[in-house]
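Chains as they are written, first to last, in full-length UniProt numbering: chain D, 1 to 328; chain B, 1 to 334.
The C-beta atom is built at its ideal place from N, Cα and C for all residues, glycine as well.
So the structure is just underneath, and the comments pick up after that.
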Amino acid sequence: MTDTGAAPDRETLLEIYRRTMLIHRTDERFRNLLTQGKLAIVYYPVRGQEVVSAAMMTALNQDDYLVTTYRGLHDQLAKGIPLNLLWAEFTGRATGTCKGKGGPMHITHPETGVMVTTGVVGSGLPIANGLALSSQNKGDGRVTVVCFGDGASNIGAFHEAMNMAQLWKLPVIFLCQNNKYGEHTAFAAHTDSESIVSRAAGYGMRGVQCDGNDPVSMYTAAKEAVDRARAGEGPTLIEAMTFRMLGHLFGADFSYVPKELTEAGIAGDPVPAFRERLIEMQVSEADLDAIVAKIEADIDAAVAYAFDSPFPETDELRIDVLAEEIAA
Amino acid sequence: MNAPAKINFIQGLHQALDEAMGADENVIALGEDIGDEQGGGIFKITKGLSAKYGRNRVRSTPISEQAIIGAAVGAAITGMRPVAEIMLMNFVTVAMDQIVNHAAKLRFMSGGQTNVPLVIRTTTGAGVGFGGQHSDMLEAWFAHVPGLKVIMASNPADAKGLLASAIEDDDPVILIENIMAYGQTGPAPEAGYRVPLGKAAVAREGSDVTIVTYGRAVLDALAVAEVMAADGVSVEVIDLRTIAPFDEATVFASVAKTRRAVVLHEAVKAYGTGAEMSSRIHEELFDTLKAPVVRVGSSYSPVPFSPVLEKAWIYNQDQIKAAVGATIDRKARG
């Protein structure tokens, strides 16, 4: 660990742990309910990628902007969307963040800076530039983070957005969560370069690769990028190395992932490793258990809130299409 | 200096942008070559604006349509009012994801938490000799997508007034400008002039047949109406000005009066906006109509290069005249 002044202190690490476990347990609950048949939604698991988001978003302020993708639960939770609202939206209820009109792939919650969640791979990057452009013009000091996977780095929008962001020195962070698979296609089968981060140089942009499963490595990279963006020093491409421990979407076969890779991924599971690290730092097991107990209680309440909430009225079809209500 | 008594489209559009940028610092412009260092846009509509408002507000961009519209969408959802220029309408194909999946839907998908007060200005039109990839009229694509507004002006004052209204509108608006019409002059409106979105104009009153049209085709419709008046046929011309949302009230009132209708546009006839207009008129006024609604549009082929072919591609005034005649004498239909 290099001492850059960006490394997390003990309090920060505990906050990253809290967010890690919030993601971990929420993801687990979604999968349990799906398995039990109590919920029927298309769900993109975030298992294995908890620490990337927890550390990144802990380096941000609440009013900083986030753009994420359909595999975005970890990003949204880490950024602070209230659990009740998020569960209600994931289950299509009128009480959700988006009145049940967005759903898991289209979560928006401006109060916590979550401005866009897109279901179109790679399309968030150009939008993130616009959020950052707005901050640059207004001088409001906000930083924008856009999350995407390794697969997204091959769509044209990635390249257009990277070029424009560097040209205009926008306060934006491109966070590539390299989970080694673009849908069902392995990194080496969709990209012949060694890394995504090497592309930053092609745009004259600062690029950093880090261990996304290591909270210190991830937070340090995130904090440095945030500080630079806020100081007007322009964008950073962060390639956070991680692993998608489950399939592209929940319930789908993922035998296309070689057994050795899955075993290595499980061995590198960031969640128990984080707990062990904190215990080594003399954080008591009781304190860690208390964090999780509080999260479990919050999830229980959120699930009940969502399932007790009404579905939207069909009149909603005419509302929010345009500013004025449209005709039936 | 007094404002000139007449202006052309370029001046009208420039005035609307200048006035909007002067009134609201959230109004910004993005597009290829739009800065003064790049000449103020290929048609000079933004000329002088980067000098006046600075390069942060008039951003000359790389050739990156997805990045232009994406940046405009992102800025718009924070409350800015970007006016993005897509140099030629065919290039919107490169940015369709940002327009269709994001600009159009973010208000709805967010449950109204965010909205996209974005204007996309673009230009096109047959007759310039640009051939197949710079001349298409693609308004039907956008009119088909819920969440987008589509506008087109037939005269310089409307161009100014529609653009001014579009910038103030809280939804994404696509303004299609016709290159062939840029030089056409008309009365200069006052500063602050507005043309409301969603409202059609009766460009000429008549009692026998209604021509429903928009953009440059309004001029052709008016010319035909003038010629046919000499033959004793009274043609009413409706200038839609806003293609989507469609001003049913004005169109239905006119056709209820004349009981005959022709719909006309420069876009290819097949699968065009004319089909929608025709269908709506039939559904609403079938029992009133004296004849089926007739459509006039351009040939179902790419816009050709050779001037002879290009002239043959676009609808012509004889076709409009024949269509009007066909609604009066159905046996005369070709």
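Neighbourhood of M245 (chain D) in chain B, by CB distance below 9 Å: empty, with the nearest CB roughly 29 Å away.
When secondary structure is reduced to three states using DSSP, E239 (chain D) falls in the strand class.
The beta carbon of C98 (chain D) falls within 8 Å of a beta carbon belonging to chain B, placing the residue at that interface. The beta-carbon separation of Q209 (chain D) and S193 (chain D), rounded to 12 Å, does not stay under the 8 Å limit for a contact. Counting C-beta pairs with one atom in each stretch, the stretch 136-151 of chain B and the stretch 129-143 of chain D have fewer than three that are closer than 8 Å, which means they do not touch. When DSSP reads this structure, H109 (chain D) sits in a beta bridge with D:V114.
For I320 (chain B), DSSP records no beta bridge to any residue. Below the 8 Å Cβ cutoff, chain D contributes no neighbours of R260 (chain B), its closest Cβ being approximately 26 Å away.
Taking a cut-off of 8 Å for Cβ pairs, the stretch 101-110 of chain B and the stretch 153-167 of chain B do not touch, as fewer than three such pairs fall below it. Around the beta-carbon of N178 (chain B), 16 or more other beta-carbon atoms lie within 10 Å, marking it buried.
By the C-beta density criterion, L261 (chain D) is exposed, having fewer than 16 other C-beta atoms within 10 angstroms.
Residue-level contact by beta carbon fails for D64 (chain D) and chain B, as no gap is shorter than 8 Å. Annotation: the continuous beta strand (DSSP E) that includes P187 (chain B) extends over T185 to P187. Judged by DSSP secondary structure, V73 (chain B) falls within the alpha helix (DSSP H) whose first and last residues are E65 to A76. The beta carbon of P156 (chain B) sits closer than 6 Å to the beta carbons of I7, N8, F9, G12 and G186 from its chain, once the five residues preceding and following it are set aside; these are given in chain order. Y214 (chain B) places its beta carbon less than 8 Å from that of R241 (chain B). Under the three-state reduction of DSSP output, I173 (chain D) falls in the strand class. By the rule that beta-carbons nearer than 8 Å mark a contact, A161 (chain D) touches chain B. For the stretch 78-103 of chain B, the set of positions with a beta-carbon nearer than 7 Å to some beta-carbon of chain D reads T78, M80, D97, Q98, N101 and H102 in chain order. With at least 16 other beta carbons inside 10 angstroms of its own, Y43 (chain D) counts as buried. Distance from the CA of E325 (chain D) to the CA of L73 (chain D), rounded to the nearest whole angstrom, comes to 31 Å.
Residue pairing for S198 (chain D): DSSP places it in no beta bridge.
For the stretch 15-28 of chain D, there are no residues whose beta carbon sits under 9 Å from a beta carbon of chain B. The beta carbon of R121 (chain B) sits no closer than 8 Å to any beta carbon of chain D. Contacts with chain B at 8 Å (Cβ-Cβ) include M115 (chain D). Boundaries of the alpha helix (DSSP H) harbouring R19 (chain D): R10 to T35, taken from the DSSP string. Excluding five sequence positions before and after E236 (chain B), the CB atoms of its chain that fall closer than 6 Å to its own CB belong to E205, G206, T210, S254 and T258, given in chain order.
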